[in-house]
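Heads up, the thing below is written out as structure tokens.
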Amino acid sequence: MTQLFVALDVPTTDEAVLLAQTLAPHLDGYKVGFELLLGAGPKSITTVAELGKPIFADAKLLDITNTVERAARQLGKLGARYVSVHASGGEEMIAAACRGLADGAIGKAGILAVTVLTSLDREAMASVGIGGSTKDQVARLAKLAAAAGAEGVVCSANELEVVRDAAPGLLRVTPGIRMDNTTHDQRRVASPSEAARLGADIVVVGRPIIRAEDPIAAAVAIAQDMRSPRRTLET
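Residues in the sequence shown are numbered consecutively from 725, following the working numbering.
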């Protein structure tokens, strides 16, 4: 069954803990990203992890292998269950992250390789020199991530089936989830039910929950939509 993680995109630990505690009955885990990591410090991971649900530390590491390995080790020591790296860093970098996280992790932990950001479309990819389709690039990076020992990948709902075919054993984590037609700064989005139907293991939702007038109602609605009759994803 698809799990629901909320992105705790707030600047303080107090705000993150309040959100996490309020939403806990309706969620399976929490994502800690740059806003909280930089606003409250890395130990915010430990504080939120102590609430009892798995933490996805969305650090999007991208650097030389030694630096990434050491950073992943520290994130593991803080209690992260998942740590993200950019798959574009290459197989050696991803493998280094896997080693570092395994060395530092308190319990079970794995690396999630970010394939193509949901804010990018084909035109944006071409502007930075990446040719071909988004799906081709995601398939290429998914195979690379699997070869390096990553536990999973981060991809949009549009590429979930591509990842399944390219690297069947990988966990599939999907951001860019929306209940309506709004995209904000995302380009490749889907509804919760679409992502679940297409095989997402985890969907990550931020603004549609935490910026909602009633975050609890929003979380409940998204959880229900994930388990509703599936709508067809437009391609």
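Backbone N, C-alpha and C define an ideal beta-carbon position, used for all residues, glycine too. Just so it is clear, the structure is predicted and the values come from calculations on it, not from any experiment.
Item, Value
"Could you check whether residue 916 and residue 926 sit closer than 8 Å to each other, using their CB atoms as the reference points?", "no"
"Near residue 770, what residues of its chain come up, given a Cβ to Cβ distance below 7 Å and the 5 sequence neighbours on each side ignored?", "802 and 803"
"Give, in chain order, every unbroken run of the beta strand (DSSP E) that is at least 3 residues long and sits entirely within the segment 747 to 781.", "753 to 756"
"Counting Cβ pairs closer than 8 Å, one from the segment 809 to 821 and one from the segment 782 to 799, do we hit at least three?", "yes"
"Do residue 806 and residue 765 have their CB atoms nearer than 8 Å?", "no"
"For residue 948, which option in 924, 920 and 830 has the closest C-alpha, if you only look at C-alpha atoms?", "920"
"Cutting at 6 Å between CB atoms, please list the residues of its own chain near residue 812, excluding the five before and the five after it.", "none"
"Please name the residue in 853, 726, 810 and 757 whose C-alpha comes closest to that of residue 931.", "757"
"Could you give the distance in angstroms between the alpha-carbon of residue 866 and the alpha-carbon of residue 728?", "22 Å"
"Could you give the C-beta distance for residue 862 and residue 838, rounded to a whole number, given that I count them as a contact under 8 Å?", "Residue 862 to residue 838, Cβ: 10 Å. No contact."
"Tell me, to the nearest whole angstrom, how far the beta carbon of residue 800 is from that of residue 821; I am working on the premise that it is less than 8 Å.", "Not confirmed; about 10 Å, so no contact."
"Count the other CB atoms within 10 Å of the CB of residue 782; is the residue buried (16 or more) or exposed (fewer)?", "buried"
"Report yes if the C-beta of residue 872 is less than 7 Å from at least one heavy atom of the ligand FAD; otherwise report no.", "This structure lacks the ligand FAD, and indeed carries no ligand of any kind."
"For the segment 828 to 915, list the alpha helix (DSSP H) runs that are entirely contained and at least 4 residues long, ordered along the chain.", "846 to 851, 858 to 872 and 884 to 890"
"Assign residue 755 to buried or exposed, taking buried as 16 or more other Cβ atoms, counted over all protein chains shown, within 10 Å of its Cβ.", "buried"
"In the structure shown, what three-state DSSP assignment does residue 807 receive?", "strand"
"Under 8 Å by Cβ, that's how I've got residue 876 and residue 895 pegged, so tell me the actual separation to the nearest angstrom.", "3 Å"
"Our contact map puts residue 855 next to residue 885 with C-beta atoms below 8 Å; I'd like the distance itself, whole angstroms only.", "Actually they do not touch by this definition, with Cβ atoms about 22 Å apart."
"Can you give the Cα-Cα distance for residue 797 and residue 785, rounded to whole angstroms?", "12 Å"
"Go ahead and pull the three-state DSSP assignment for residue 929.", "strand"
"What separation, rounded to the nearest whole angstrom, lies between the Cα atoms of residue 889 and residue 899?", "20 Å"
"In the DSSP assignment, what are the bridge partners of residue 730?", "754 and 929"
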